[in-house]
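The structure appears right after this line, and notes come after that.
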Amino acid sequence: MPLQPRFRRSAGSQRRFVDREEATAVFEEHWTAAGSALRVLNVTGVGGIGKSRFLRECQARVVGKSRTAHLDLQVPALREQDAALAVLRAQFGAQGLSFPRYDIAYLALWQRLHPHLQISLADIAARQESGILTDIADAVGGMPVFRTVSGLLQLTGQSSARFKRWRWLRNDETLHRLDELDPAELADAATFLFAEDLRRESGREQYLVTVDAYEALVGGSTRAGRSAGLDAWLRDLVSQLDTGLVLIASREPVGWQAYDTQWNAHLVHLPLGGLPMPARVELLEAHGVSDTRARTALARASSGVPFYLNLALDSNTDTSVVAVPGGQPTPAVSGEEILERFLQHVDPQAVRLLEVLAVARTIDPEIFHTVATAFGLSADRLTWETLTAYSFVQPAGTEQFQLHQLMAGELRERQTPETRQAVHRVLRTLWRRRADRAAAGTAGERRHVGARVREVAFHSLYAGDFTHTDLLAITDEIAASGGIRSLGGVVEDTRRYCAIAGRPRPDLETAARCVEAETAVLVGDAEHAELLTRDLGAVDGGNSAQVRLALAGADALRVLGRTSEALSRYLSLWQRATVPEGRSAALWAADLYMAGGRFRDAENLANGVSGTLDRDEHVLRGDTARLIHLGRRFAFDFPAARSCLDQAQLHYLEAGSAVCLANLVVNRAEFLAWTEPEHAVDVADEAIDTQRDIGALHELGKAHTARALALLRLGRTTEAESALDTALETLGRARYRSGTARAQLVKSLILLRRGERENARTTAEWAIREFEAAEVYPTLVLASLTTLRLAGLQSPSHAPSLARARAAIHPVDPLAALEGRVEAWVAGILGGRA
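Given below as structure tokens:
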């Protein structure tokens, strides 16, 4: 912004008043009721938020209909009681009110405060435009300053016509006491008489008094120690303005209840927040910013602070936006001028604290103490309370606060890169300590691990020594803790960092894309994961981020039912990868072998991977055991399946992976629904609760399906139908093709139980077609066909499907043995036996 006189800039009061409908409605409500009792509206908000403009708007709404007066405490002289009273008296006097008693008290106070100055009574009378003082000055013929109030009152007893209207003053007890008062008492008496005269003169007519910049009077955010008593005269004055409405604008609430709880009945807090986006755009458009991109950039950068928008408009509208690489417009607004407004009346020591704390996204007592101590700044409780009382330090939870984001950004820009990195390293250490404490704590505390590790990642990014490998490791930690929602935050943080980094970081950008794709798969949004990985080129087998990104793409294809494509990718990655993640590709290939009925190949591949694992690679060992469990379950070999399920649980417990354990609960619910339905419902309920917290739609749908099957086998058909409806809705949202087909198989069993044979047949046939289209679960095709046969619903058209299923199955034991287990299981369900 070019240098220019402050006077030449357009004040906010000269620009359109936008938004604030709720605030003006509150004002109108209290203005309508004014006059019956003391009413004080305390308008609060950060510097530049538009408090002064709001006060002027309120004045404009009543000007011409009622009397108004304004006191601006930004002017140093007006922070003195006598000067403030004189200004208010002059404004009301110009609107036809007289203040005879106050004028006499002011005259007495003026002489008491300036005994060394000689000024004529006529001069003071002219300055005050006071009828009573003018009449007295004329009567005494230019006498120098008076000696006593009593002497002046004697003059009002003269018989001349001009004094008749003042004779009542001779009987005023307060005026007769003025000569006996010390200067402080005399000032309070002047306040009292001002309010009395205003009450008498205004009668039943309302009036409005506005007081701006209260924080300039008290000098900060806390009314304690050096600040105590600085506003006593204002409190005294306002308490007596009970026949009008008083508006006080301040950064922080005035807090007068601390002095007298009776203020609770009279003070109304009216906070002003940032302007909403439409109002920002309206203001800019109304004052000449015609370019849409420029308006949007300015509006977004302002954080809703009108002062920012006015500065931008003062710097010549459209030229307040400059182009930067990438074509994104950047507002050319002085950050220091923004800070000057925010930090007005803030102690310099507090400013230095705010500069280092601005690096943190939230602050609390521990963060404050740690950072302040690390940089040799005041770290005591009183400093903390003073700091958090400022209006720009906003509550963000219990004992948690945030700096106003517009201010925080400018404060960070004040620091050298070295200082910023040093603060980030301090905060990284603190958040790591917090995450470790939570991980070792109670179940409730462990729920916060993900959010805390996200903060570790955030500060690591800006500490200057973070790699893509570090990012993947830290997001793995978050995922293992169950903090899935925090993963999206890490992705967002990383992309924002890459956008403003001084040099390109393609390694971090790829890692962030990988985390986003993996998270999408984890929560069942396979379509988004597939979209993120659709345009992958050649994968560097030695780059973990690239391999994992390609793995996530293959996972998405698997969930979407594109099994052959997924298997091809898994096998390609397994052969190409030289990083440990290649073993995961092998396990997923084995998983698809299993799903396709190739049980021998699946177990051989899984066992081969298992032989390459170290003893402490518990997650992969658990994955291997879980895979073999699934193979045995879909081969209907339940004793072997149970053993592998238990092994997987032991490995996941050793790993401490909340997500792996949560998914295993789903597998256990499914297994029990097939084998011990009386125990399955409770386990399914546990799985549903856990997966709902994680947000994994496909796993949630599987858990509801298991619950439905268990309820059906227990004879609770109506409940089973309800559970299955939920399962199908959830699986549909996840676009989980094979999961939906499995749920439809359960639906065919429910329909048979209800006697709806034709519907059962068509439903089972639909499930068979889906299994075949997705190239998965030939043993479930066998189960569906066996169900139809045992129910007497077989058809010659089923023969090709039966042949294809038998051809696809490569069992560990003879096929006849597997088919016998399938028939026994189906017969048990159709016979109503658990």
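Residue numbers for the sequence shown follow the numbering used here, beginning at 27 and rising by one. Positions of the beta carbon are idealized from the N, C-alpha and C atoms, including for glycine.
Contact between residue 716 and residue 688 holds: their C-beta atoms lie close to 4 angstroms from each other, under 8 angstroms. Secondary structure of residue 517 (DSSP, three-state): helix. Shortest Cα-Cα distance from residue 657 to any of 621, 675, 515 involves 621. When beta bridges are read from the DSSP output, residue 95 appears opposite 235.
Taking 8 angstroms as the upper bound for CB-CB distance, residue 209 and residue 138 are in contact here, some 5 angstroms apart. Rounded to the nearest angstrom, the gap between the Cα atoms of residue 666 and residue 836 is 17 angstroms. Check the Cα spacing between residue 787 and each of 809, 800, 718: the tightest is with 809. Where residue 697 is concerned, the enclosing alpha helix (DSSP H) starts and stops at 684–701.
Taking a cut-off of 8 angstroms on C-beta distances, the region 77–93 does not touch the region 429–445, as fewer than three cross pairs fall below it.
Contact check for residue 276 against residue 240 passes: the beta carbons are separated by less than 8 angstroms. The C-beta separation of residue 292 from residue 64 comes to about 5 angstroms, placing the pair in contact by the 8 angstroms criterion.
Boundaries of the beta strand (DSSP E) harbouring residue 274: 271–276, taken from the DSSP string. Apart from the 5 residues on each side of it in sequence, residue 280 sits with its Cβ closer than 8 angstroms to the Cβ of 68, 240, 257, 274, 293 in its chain, given in chain order. When DSSP states are grouped into helix, strand and coil, residue 70 belongs to the strand group. Residue 100 sits in coil when the DSSP states are folded into three classes, being neither helix nor strand. Residue 686 and residue 332 have their C-alpha atoms spaced approximately 50 angstroms apart. At a cut-off of 4 residues, the continuous stretches assigned as alpha helix (DSSP H) that sit fully inside the region 382–447 are 391–400, 407–414, 431–440. For residue 554, no beta strand (DSSP E) run applies; the uninterrupted alpha helix (DSSP H) run containing it begins and ends at 552–559, by DSSP. Counting along the chain, residue 294 sits inside no alpha helix (DSSP H); it lies in the beta strand (DSSP E) bounded by residues 293–297.
According to the DSSP secondary-structure assignment, residue 65 is paired through a beta bridge with 271. Rounded to whole angstroms, the gap between the alpha carbons of residue 429 and residue 299 is 14 angstroms.
Beta-bridge pairing by DSSP links residue 479 to no other residue.
The beta carbons of residue 695 and residue 732 sit closer together than 8 angstroms.
Linking residue 88 to residue 385 through their CA atoms gives a straight-line distance of about 45 angstroms. If the five residues before and after residue 743 are omitted, its C-beta is found closer than 6 angstroms to the C-beta atoms of 779, all from its own chain and listed in chain order. Residue 331 is bridged by DSSP to nothing; it lacks a bridge partner.
Only residues of its own chain outside the window of five on either side were considered, and among them 97, 104 have a CB closer than 7 angstroms to the CB of residue 113, listed in chain order. Under DSSP, residue 89 forms a beta bridge with 92.
In the structure shown, residue 468 falls within a coil segment according to DSSP collapsed to helix, strand and coil.
A straight line joining the alpha-carbon of residue 387 with that of residue 480 spans about 12 angstroms. In the structure shown, residue 798 falls within a helical segment according to DSSP collapsed to helix, strand and coil. For residue 648 against residue 674, the beta-carbon gap comes to about 5 angstroms, under 8 angstroms, which counts as contact. In the DSSP annotation of this structure, the continuous segment of the alpha helix (DSSP H) that includes residue 668 starts and ends at 664–681. Under the Cβ criterion (8 angstroms, minimum of three pairs), the region 446–458 counts as touching the region 394–405. The straight-line gap separating the alpha-carbon atoms of residue 490 and residue 447 is approximately 7 angstroms. For residue 769, the enclosing alpha helix (DSSP H) begins and ends at 763–780.
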